[in-house]
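Engineer: Every letter in the first sequence is one number past the one before it in numbering that gives the first Met the number 0, and letter 221, counting from 1, is 220.
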Amino acid sequence: MDKEKFYITTAIAYTSKTPHIGNTYEIVLTDAIARHNRFIGKDVYFLTGTDEHGQKIQEIAEEQGITPQEHVDKIAGEIRNIADMLNISYDGFIRTTDEHHVKTVQKIFKKLYDQGDIYKGEYEGWYCTPCESFWTKTQLKEGNCCPDCGRPVQKTKEEAYFFKMSKYQKQLEQYIEDHPDFIQPESRKNEMLNNFIKPGLQDLCVSRTSFTWGIPVDFDPKHVIYVWIDALSNYITALGYSVDEKGELYKKYWPADVHVIGKDILRFHTIYWPIMLMALGEPLPKKIFGHPWMLFGEEKMSKSRGNVIYAQDLVRHFGVDAVRYYMLHEMPFAQDGTITYEVFISRYNSDLANTLGNLVTRTVAMVNKYFDGIVPEPADEGEFDADLKSVAVGAISAIEKKMDQLRVADSLDEIWKVVNRANKYIDETTPWILAKSEDTKQRLGTVLYNLIESIRIIATLLSSYMPETSKKILDEIGADESSYESVKSFGSYKPGSKVGNADVLFARIDTEKKLEELEAEMAANAEPEVEIAPYKDYIEFDEWEKLDIRVGKVLECEPVKKSKKLLRFTLEVGNEKRQILSGISQYHKPEELIGKNVVFIANLKPRKMMGLESCGMILSAEHDGKLTALTTINDIQSGAEVV
RNA sequence: AGCGGGGUAGAGCAGUUGGUAGCUCGCAAGGCUCAUAACCUUGAGGUCGCAGGUUCAAGUCCUGUCCCCGCACCCA
């Protein structure tokens with residue numbers, strides 16, 4: 000009988016810059032799931048890769064004076080190195096610049112166009128020829144005039160391709176209802192259904208003409224295929240899928256069993272992707288898992304704060320498997336998790352050094368001490384043996400249940416139950432007392448055999464999560480059996496094997512010392528040179544004169560209800576009052592602004608936000624996530640012009 | 001009344017179909033010495049956000065209410 004297949008993917012990583020530890024979490028999580036399924040006998044294909052197109056990459060490359068291709072080659076290389084460093088067992092690594100991918104995406108686009116799912120339309124906008132600018136309808140002045148120069152605008156000349164999402168809406172809704180496990184975790188399902196699908200899907204713009212670093216539409220080359228069709232298709236093009244020829248891997252592995260992705264791109268994977276597949280007439284993936292994020296303490300990671308944690312640094316300090324362990328064990332299933340050095344070291348010391356490492360060391364040390372390093376034959380079962388065995392043997396089925404639900408952290412707990420049980424067993428059986436008399440030597444041998452076999456089971460089970468440690472332990476105890484079958488029963492370890500020297504597996508870390516070291520390193524890595532936003536192009540004096548900038552006195556200021564960012568201001572401007580909304584509530588408390596002078600653009604076209612009208616724009620200075628509103632040095636009559 | 005999730009020991013979290021409230025770390029006491037000052041046992045510590053209700057019985061169901069978070073509209 001053929002092995003059951005299992006196709007699992009991560010999202011492809013965007014190659015704009017080197018990923019930090021949060022970005023790395025996803026691939027480690029996926030790796031554990033992939034390895035586990037391989038372990039239990041499935042035929043696994045694990046795909047990861049890089050997303051290498053887009054405007055942002057084009058811009059970054061330009062800034063650095065290199066070609067986009069050179070840039071993505073470099074970053075893709077880094078990403079792959081990180082994956083390799085972390086022992087990621089991927090079977091395929093796709094890059095969206097791969098030739099097969101590019102060609103296939105073009106064919107997919109063409110096919111969808113030919114069958115009418117993609118149509119050429121107009122980007123919702125109006126074009127002002129003299130100004131060479133696009134405007135959306137809401138930006139226009141009365142009578143469809145350019146807000147810049149006041150001249151009439153033409154309905155858009157910017158053409159674009161659109162995907163008819165609405166056509167598949169009902170079908171998608173039905174699919175999601177019929178497959179309650181399709182979107183994980185559950186809460187996300189409702190989010191998608193209620194926020195997007197049920198209110199009605201908008202047609203999706205799937206091409207751009209504003210940049211060139213992307214896959215061209217082959218029958219209309221000034222258009223570049225915009226991110227979703229390009230990026231999402233990777234899951235099938237990597238398997239050799241094409242429109243006319245599906246390929247062996249594709250036939251074997253599609254549909255995907257799990258797409259593991261960040262919660263932020265759930266929408267694209269649960270709506271656009273299934274619809275694309277429906278349009279192509281291909282089956283839908285079985286499960287989409289939107290994992291939570293890994294945050295650094297309370298703070299956002301930022302280069303200038305010097306608190307970015309990179310996987311490489313963690314690995315250098317703590318080792319690959321400690322990093323894998325932390326990510327796999329400390330992240331909650333559906334809520335964002337955090338990583339701090341304090342917690343990391345604490346988990347390292349208690350779980351890895353004390354509980355697991357020490358169990359191996361002390362057991363091996365006893366085999367050396369009492370049996371010259373040769374694991375003895377077990378004899379008759381004694382007290383406590385049955386319980387130890389049942390815990391050890393029972394672990395695998397518990398783990399399989401948890402892993403089926405993608406509960407990786409819980410699976411590790413199941414392994415640690417065995418570790419704890421084994422530690423307790425030593426206390427119960429007191430080998431050091433048994434060693435004192437020749438009469439109890441046989442019992443001693445049995446006890447040590449049971450411990451070694453328990454450790455063998457533990458190490459075998461660990462292989463999906465901490466492959467390097469798993470192998471080290473198996474070597475240390477001289478085990479040659481580490482199969483799935485062998486952990487279902489007790490006794491696969493062959494007596495007579497030689498154990499190692501009881502080397503320390505995870506050396507305890509001196510918390511204070513290590514923290515000092517890490518802090519010093521972080522301080523050294525903080526970038527001292529200040530990076531400011533690039534300057535814009537020169538403008539003419541008369542362009543400057545078009546701006547009407549004024550001083551206003553804040554009479555009232557309050558948060559806009561339900562809004563995360565907006566503050567509603569009432570300004571005194573001469574004898575008038577004016578309402579302006581400004582998205583700065585993250586940075587300023589309303590009460591600290593009342594009575595202050597602020598500077599605002601008075602002739603910016605009014606616009607409604609969150610149901611309120613905003614007549615102008617309050618000026619603020621912003622740098623690196625910090626922001627402060629502008630004010631005047633001395634008091635001055637409100638309404639005063641800024642010149 | 002936008003949609004959804006959550007508020008449980010000092011911290012981080014579990015709590016399935018309602019029936020004595022659990023886990024890990026931390027803390028305290030004891031045990032042990034094979035081991036990485038590790039390991040084992042026991043203990044202290046919780047009005048399960050708040051207020052009502054259903055029930056013989058509610059963390060678990062219902063209503064109201066207060067916070068926190070995610071998503072959406074939203075930084076002009």
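Where is the CB? At the ideal position from N, CA and C, for every residue including glycine.
Everything numeric in this text was worked out from a predicted model, so none of it was measured.
Where do the ends of the beta strand (DSSP E) carrying His-328 lie?
Structural biologist: Where His-328 is concerned, there is no enclosing beta strand (DSSP E), although the alpha helix (DSSP H) it sits in stretches over 319-329.
Engineer: What first and last residue would you give for the alpha helix (DSSP H) that runs through Met-277?
Structural biologist: That run of the alpha helix (DSSP H) goes 272-279.
Engineer: Can you give me the C-alpha to C-alpha distance between Ile-508 and Leu-111, rounded to a whole angstrom?
Structural biologist: 58 Å
Engineer: Does the beta-carbon of His-290 have 16 or more other beta-carbons within 10 angstroms, so that it is buried, or is it exposed?
Structural biologist: buried
Engineer: Check Phe-489 in the structure and name its three-state DSSP category.
Structural biologist: coil
Engineer: Among Gly-610, Ala-385, Val-641, which one has its Cα closest to the Cα of Gln-578?
Structural biologist: Gly-610
Engineer: So Asn-596 and Thr-631 are supposed to be a Cβ contact under 8 Å. How far apart are they, rounded?
Structural biologist: 4 Å
Engineer: Can you say whether Thr-135 is buried or exposed, counting buried as having 16 or more other CB atoms within 10 angstroms of its CB?
Structural biologist: With a pLDDT of 46 at Thr-135, under the threshold of 50, the modelled position of that residue is not reliable, and the figure given next carries that caveat. Here Thr-135 is exposed, its C-beta having fewer than 16 other C-beta atoms within 10 Å.
Engineer: Can you give me the Cβ contacts of Arg-346 inside the same chain, cut-off strictly under 8 Å, excluding the 5 residues immediately before and after it?
Structural biologist: Tyr-324, Tyr-325, His-328, Glu-329
Engineer: Out of Leu-192, Gln-334, Ala-82, Cys-614, point me to the one whose CA is closest to Leu-294's CA.
Structural biologist: Gln-334
Engineer: So, for Tyr-160: in the same chain, excluding its five sequence neighbours on each side, which residues have a beta-carbon less than 6 Å away from its beta-carbon?
Structural biologist: Result list for Tyr-160: Ile-117, Lys-119, Val-205, Ser-206, in chain order.
Engineer: Looking only at C-alpha atoms, which of Leu-517, Ile-398, Lys-423, Thr-510 sits nearest to Ser-463?
Structural biologist: Minimum Cα-Cα distance from Ser-463 among the listed residues Leu-517, Ile-398, Lys-423, Thr-510 corresponds to Ile-398.
Engineer: Decide if Ala-522 is buried, meaning its Cβ has at least 16 other Cβ atoms within 10 Å, or exposed.
Structural biologist: The residue is exposed, with fewer than 16 neighbouring Cβ atoms inside 10 Å.
Engineer: Taking all protein chains shown into account, decide if Thr-66 is buried (16 or more other Cβ within 10 angstroms of its Cβ) or exposed.
Structural biologist: exposed
Engineer: Under 8 Å by Cβ, that's how I've got Leu-643 and Val-407 pegged, so tell me the actual separation to the nearest angstrom.
Structural biologist: Any property of residue 643 remains undetermined from this structure, which presents the chain solely from 0 to 642.
Engineer: Could you round the C-beta distance between Ala-352 and Phe-505 to whole angstroms and report it? I think they count as a contact, below 8 Å.
Structural biologist: Yes, they are in contact, since the Cβ atoms of Ala-352 and Phe-505 sit about 4 Å apart, within 8 Å.
Engineer: Is the segment 440-452 close to the segment 369-378, with three or more CB pairs under 8 Å?
Structural biologist: yes
Engineer: Please determine if the segment 42-62 and the segment 423-434 are in contact, where contact requires at least 3 C-beta pairs separated by less than 8 Å.
Structural biologist: no
Engineer: With distances taken from CA atoms, which of Pro-220, Lys-106, Ile-395 is nearest Asn-36?
Structural biologist: Per the C-alpha coordinates, the member of Pro-220, Lys-106, Ile-395 positioned closest to Asn-36 is Ile-395.
Engineer: To which residues does DSSP link Asp-42 through a beta bridge?
Structural biologist: In the DSSP assignment, Asp-42 forms a beta bridge with Lys-4.
Engineer: What's the call for Asn-233, buried or exposed, on a 16-neighbour Cβ count within 10 Å?
Structural biologist: Taking all protein chains in view, the Cβ of Asn-233 is crowded by 16 or more other Cβ atoms within 10 Å, so the residue is classified as buried.
Engineer: So for Ala-33, helix, strand or coil by DSSP?
Structural biologist: helix
Engineer: Assign Gly-213 to one of two classes, buried (16 or more other C-beta atoms within 10 Å of its C-beta) or exposed (fewer than that).
Structural biologist: buried
Engineer: Hey, out of Phe-45, Leu-200, Lys-564, Lys-106, whose CA is closest to Asn-86's CA?
Structural biologist: The shortest C-alpha separation from Asn-86 is found at Phe-45.
Engineer: For the putative contact between Leu-554 and Met-608, defined by C-beta atoms under 8 Å, what is the C-beta separation to the nearest angstrom?
Structural biologist: With a Cβ gap of about 20 Å, Leu-554 and Met-608 do not count as contacting.
Engineer: Around the Cβ of Trp-253, are there at least 16 other Cβ atoms within 10 angstroms (buried) or fewer (exposed)?
Structural biologist: buried
Engineer: With a Cβ-Cβ cutoff of 9 Å, do Ile-274 and Met-191 count as a contact?
Structural biologist: no
Engineer: According to DSSP, Leu-294 sits in a beta bridge with which residue or residues?
Structural biologist: Partner residues in the beta bridge of Leu-294, as assigned by DSSP, are Thr-337.
Engineer: Whose C-alpha, out of Phe-195, Gln-183, His-316, is nearest the C-alpha of Leu-171?
Structural biologist: Phe-195
Engineer: Considering only the beta carbon of each residue, do Tyr-89 and Ile-11 sit closer than 9 Å?
Structural biologist: no
Engineer: Residues in the same chain with beta-carbon distance under 6 Å from Asp-409, minus the five sequence neighbours each way, listed in chain order, please.
Structural biologist: Within the same chain, Lys-401 come within 6 Å of Asp-409 by CB-CB distance, once the 5 residues on both sides are set aside.
Engineer: Does the distance from the CB of Ala-255 to the CB of Pro-215 come in under 9 Å?
Structural biologist: no
Engineer: For Leu-517, tell me which candidate among Tyr-309, Met-84, Leu-238 has the shortest Cα-Cα distance.
Structural biologist: Tyr-309
Engineer: For Leu-629, which residues from the same chain have a beta carbon less than 7 Å from its beta carbon, with the 5 sequence-adjacent residues on both sides left out?
Structural biologist: Excluding positions up to five away in sequence, the list reads Val-597, Val-598, Leu-618, Ser-619, Ala-620.
Engineer: Looking at the strands, I want to know which residues DSSP matches up with Phe-668.
Structural biologist: This structure does not reach residue 668, given that the chain is present from 0 up to 642, and the question cannot be answered.
Engineer: Just to confirm the assignment, what range does the beta strand (DSSP E) spanning Ser-619 have?
Structural biologist: 619-622
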